[in-house]
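Written out below as structure tokens is the structure these notes cover.
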Amino acid sequence: LGGWCLTIAYVLLVPWEAIYVNNTLALVVPAMTAGDPMYVIAGESIYLPGVAVATVIGIIIIFVNWRGAKVAGTVQTFLGYTLAIVGFTVIIVALLNFDANNLQPIYDNVGKGTHKSLFGGIVAMMIVVPFFMGGFDTIPQGAEEADSGLNYTNLGKVIVMALLSAGLFYSLILFSTGAALPWQEYSQYPRPAISLMFVELYGNGAFGTAMFWIAWSGAMAGLLTTWNGFYIASARLLLGMSRARLIPEFFSKIHPKYGTPSGANAFLAVVCLIGPFIGMGIIDPITSAGGVGFCVGWFITSASALKLRIVEPDMVRPYKAPGGKPLMAIAIVLAGIIIIISFIPGLPSFMGPLATSIFFGWTALGLILYFASTGYRKAISEEERVKVMFASTKDIDLEQFDQQ
18 LGGWCLTIAY
28 VLLVPWEAIY
38 VNNTLALVVP
48 AMTAGDPMYV
58 IAGESIYLPG
68 VAVATVIGII
78 IIFVNWRGAK
88 VAGTVQTFLG
98 YTLAIVGFTV
108 IIVALLNFDA
118 NNLQPIYDNV
128 GKGTHKSLFG
138 GIVAMMIVVP
148 FFMGGFDTIP
158 QGAEEADSGL
168 NYTNLGKVIV
178 MALLSAGLFY
188 SLILFSTGAA
198 LPWQEYSQYP
208 RPAISLMFVE
218 LYGNGAFGTA
228 MFWIAWSGAM
238 AGLLTTWNGF
248 YIASARLLLG
258 MSRARLIPEF
268 FSKIHPKYGT
278 PSGANAFLAV
288 VCLIGPFIGM
298 GIIDPITSAG
308 GVGFCVGWFI
318 TSASALKLRI
328 VEPDMVRPYK
338 APGGKPLMAI
348 AIVLAGIIII
358 ISFIPGLPSF
368 MGPLATSIFF
378 GWTALGLILY
388 FASTGYRKAI
398 SEEERVKVMF
408 ASTKDIDLEQ
418 FDQQ
């Protein structure tokens with residue numbers, strides 16, 4: 018259940034990024050939305066040029082990941098550095114225009130959502146934030162293809178630092194840009210808003226134009242790193258679930274030359290290429306459904322970690338989460354609250370009927386795949402299944418596992 022709910026978040030981000038890349042490119046290439054639309058989905062028009070460009074980029078992402086995690090990782094590193102450099106440049110330049118008055122009023126509903134108070138606005142954001150913190154938890158999915166000498170203690174620390182850094186980075190971006198212009202006005206800008214903010218601040222002169230393109234390149238780097246990162250993670254998550262025989266064997270097929278999960282990659286290629294044909298109209302429901310998926314996965318992971326701390330206190334742990342059992346309990350409560358309030362109609366946090374349908378539709382697909390793999394699952398003993406699941410663990414004590 019935890020794996021499949023994480024999968025909805027991971028897999029949905031693949032077409033999500035295709036949609037946003039299309040939208041971001043359209044800001045600087047108006048021809049992408051020229052002519053008559055092919056059709057309209059959820060109030061948003063879909064244009065052939067935009068579909069064509071986003072499809073080509075999607076094919077490049079597919080090709081990079083087909084060749085293996087090292088190639089994809091090299092691309093990810095380059096884009097990551099680009100995003101970091103651009104991000105801090107944006108923060109510094111935005112802070113040069115800091116005006117505390119632009120942060121007032123502290124709360125206002127500018128026409129989005131049903132919240133009517135500061136607390137209601139915070140509750141509404143609780144369903145969205147997990148989706149944007151996703152991606153920083155995908156490091157373990159790529160670890161299988163790392164060198165055999167990988168230090169798992171350091172890996173745990175890297176994940177924690179990545180999440181803390183992401184939270185700080187997002188906060189600085191929101192605070193600096195929110196104070197550079199009246200935030201109510203700024204919130205209505207089309208995407209990517211930061212690029213247009215610099216044109217508003219500095220005009221169309223050399224500096225304003227340069228900052229427009231710097232911010233735009235950072236937005237593209239951010240989208241592409243997420244797209245590439247989730248493609249990597251989604252394939253490995255599907256591979257792991259197939260090795261556990263929870264979904265059909267097709268997803269655990271490995272490319273004979275590149276060693277990549279070819280079955281999972283093929284599935285993701287189809288999902289990836291669907292994105293450009295959908296459009297921005299369903300971006301919010303995808304975001305909400307993915308956010309809930311993350312929270313269910315995190316809830317189950319936290320609950321499992323807490324239980325293991327209690328029933329298996331002496332288990333060998335290469336990395337121990339800081340804060341121990343109290344922090345795990347807090348994580349369980351917070352994730353549980355977000356899950357519950359996401360499904361209650363009338364609350365500002367309600368993810369909406371379309372997002373709910375997407376979530377339960379994906380759950381139904383998971384059940385279909387689970388029961389479709391019944392024969393595959395029963396073809397080997399539970400002992401053998403565990404050994405396959407932990408393929409990289411050479412010295413697993415299966416007798417001890419059976420006793421547990």
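In case it helps, the numbering used here puts the sequence shown at residues 18 to 421.
Don't be surprised by glycine CBs; every beta carbon is placed ideally from N, CA and C.
One or two residues paired with residue i in a DSSP bridge
i    : result
S398 : Answer is none; S398 lacks a bridge partner.
Coarse secondary structure for residue i, derived from DSSP in three states
i    : result
V57  : strand
I63  : strand
M12  : Residue 12 cannot be examined here, being either before or after the span of the chain that is shown, 18 to 421.
Q121 : coil
A7   : No answer is possible for residue 7: it lies beyond the span of the chain, which begins at 18 and ends at 421.
L30  : helix
D301 : helix
I423 : Residue 423 falls outside the range modelled here, since the chain spans only 18 to 421, and no answer is possible.
M368 : coil
V68  : helix
L100 : helix
V46  : coil
P339 : coil
W201 : A quick correction: the sequence has Gln, not Trp, at residue 201. The answer is helix: DSSP assigns Q201 an H, G or I state.
N39  : helix
G296 : coil
P273 : coil
L167 : coil
N221 : coil
V175 : helix
Y248 : helix
V145 : coil
V73  : helix
F377 : helix
A51  : coil
F105 : helix
V403 : helix
L240 : helix
G19  : helix
I361 : coil
S279 : helix
Y387 : helix
T131 : coil
N82  : helix
L113 : coil
Contacts around residue i, its chain only, beta-carbon distance under 6 angstroms, and the 5 residues preceding and following it disregarded
i    : result
M258 : G20 and I264
L18  : none
L241 : L96
S251 : Y27, V28 and L285
Own chain, CB closer than 8 angstroms to residue i, minus 5 neighbours either side, in chain order
i    : result
I156 : L172, V175, I176 and A179
R394 : R262, L263 and R402
I317 : L18, G19 and C22
A51  : Y64 and P66
T373 : A306 and F360
F186 : G104
I349 : F316, S319, A320 and L323
Rounded Cβ spacing between residue i and residue j (contact assumed at less than 8 angstroms)
i    : j    : result
Y206 : N82  : About 33 angstroms separates the two Cβ atoms, so there is no contact after all.
V103 : M228 : So it is not a contact: roughly 10 angstroms between Cβ atoms.
Y27  : L254 : 6 angstroms
G307 : F148 : 5 angstroms
L256 : F268 : 6 angstroms
V309 : F367 : Not confirmed; about 11 angstroms, so no contact.
G151 : F311 : 5 angstroms
Residues near residue i by beta carbon distance below 7 angstroms, same chain, minus five either side
i    : result
L42  : M49 and V70
L120 : G195, A196 and W200
I295 : P32, I36 and I58
G369 : P302 and S305
V288 : V28, V31 and P32
A424 : Look at the range of the chain in this structure, 18 to 421, and you will see that residue 424 is not part of it.
L290 : T72 and G75
Exposed unless 16 or more other CB atoms sit within 10 angstroms - verdict on residue i
i    : result
T243 : buried
S188 : exposed
I355 : buried
V405 : exposed
P209 : buried
M214 : buried
I357 : exposed
P278 : buried
N40  : buried
G220 : exposed
W230 : exposed
L100 : buried
L323 : buried
A389 : exposed
N282 : buried
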